[in-house]
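Student: Mind looking over this structure? Questions follow.
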């Protein structure tokens, strides 16, 4: 499948359950890929209490992680064949607290699908559609990636 599907098709196959998730991190943080098309990935995210800081809200590091996943997948979705991304920089704006047990929508969009450097954005929205965090990033295709 690695060499027969585009990046977006392979990510959509992960969402459909016809291709295994690449990493166990998805289960750990409560991430489920819901859809993919070239330049865009949507994720459903239900963080668990184990991701909370002592103040009772989800730790900012986990918020940054889900945003990083979204921008990297958005970049990968533009590739002729799936290629993981390496994050060059990630700028996160925390807008509202994130609560464990609630389901959020994470949308990643690739705004510059370059061959050596890509620029992507991601937004986490709550059930009311309000943004709770957003990120912009530069990512690099991991050309050392070996397809199995």
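Numbering (UniProt numbering), first residue to last: 1 to 148. For glycine and all other residues, C-beta sits at the position ideal for the given N, C-alpha and C. None of these values were measured; they are calculated from a predicted model.
Assign residue 141 to one of two classes, buried (16 or more other C-beta atoms within 10 Å of its C-beta) or exposed (fewer than that).
Tutor: With 16 or more other Cβ atoms within 10 Å, it is buried.
Student: Can you tell me where the beta strand (DSSP E) with residue 118 in it begins and where it stops?
Tutor: From DSSP, the beta strand (DSSP E) with residue 118 extends over 118 to 125.
Student: Extract the residue ranges of the beta strand (DSSP E) inside the UniProt domain "Thioesterase" (55 to 132), only unbroken runs of 3 or more that lie entirely within it.
Tutor: You should have 85 to 94, 104 to 113, 118 to 125.
Student: Write down every uninterrupted run of the alpha helix (DSSP H) in the region 19 to 51 whose length is 4 residues or greater and which is fully enclosed by it, in chain order.
Tutor: For the region 19 to 51, whole alpha helix (DSSP H) runs of length 4 or above, ordered along the chain, are 25 to 29.
Student: Closer than 8 Å by C-beta to residue 96: which residues in its own chain qualify, once you throw out the five before and the five after it? Chain order, please.
Tutor: 126, 130, 131, 132, 133, listed in sequence order.
Student: Quick one: what's residue 134 bridged to in DSSP?
Tutor: BP columns for residue 134 point to 93, 123.
Student: Report all residues from its chain with a CB closer than 6 Å to the CB of residue 166; omit the five preceding and five following residues, and keep chain order.
Tutor: Summary: the structure shown does not reach residue 166, with the chain confined to residues 1 through 148, and so no result is reported for it.
Student: Count Cβ pairs between the region 81 to 97 and the region 5 to 12 that sit closer than 8 Å; are there 3 or more?
Tutor: With the cut-off at 8 Å, the region 81 to 97 and the region 5 to 12 touch.
Student: Within 10 angstroms of its Cβ, does residue 68 collect 16 or more other Cβ (buried), or is it exposed?
Tutor: Buried, because 16 or more other Cβ atoms sit within 10 Å of the Cβ of residue 68.
Student: Does DSSP put residue 10 in a helix, in a strand, or in coil?
Tutor: Helix at residue 10.
Student: So, for residue 123: in the same chain, excluding its five sequence neighbours on each side, which residues have a beta-carbon less than 6 Å away from its beta-carbon?
Tutor: Same-chain partners within the cutoff: 107, 131, 134.
Student: What does the alpha-carbon distance come out to for the pair residue 51 and residue 128?
Tutor: The alpha-carbon atoms of residue 51 and residue 128 are separated by roughly 22 Å.
Student: Would residue 54 be called buried (16 or more neighbouring beta carbons within 10 Å of its own) or exposed?
Tutor: It counts as exposed.
Student: Using a 10 Å radius around the Cβ and a threshold of 16 neighbouring Cβ atoms, would you call residue 20 buried or exposed?
Tutor: Exposed: under 16 other Cβ atoms inside 10 Å.
Student: Within 10 Å of its beta-carbon, does residue 25 have 16 or more other beta-carbons around it, so buried, or fewer, so exposed?
Tutor: Flag for residue 25 reads exposed.
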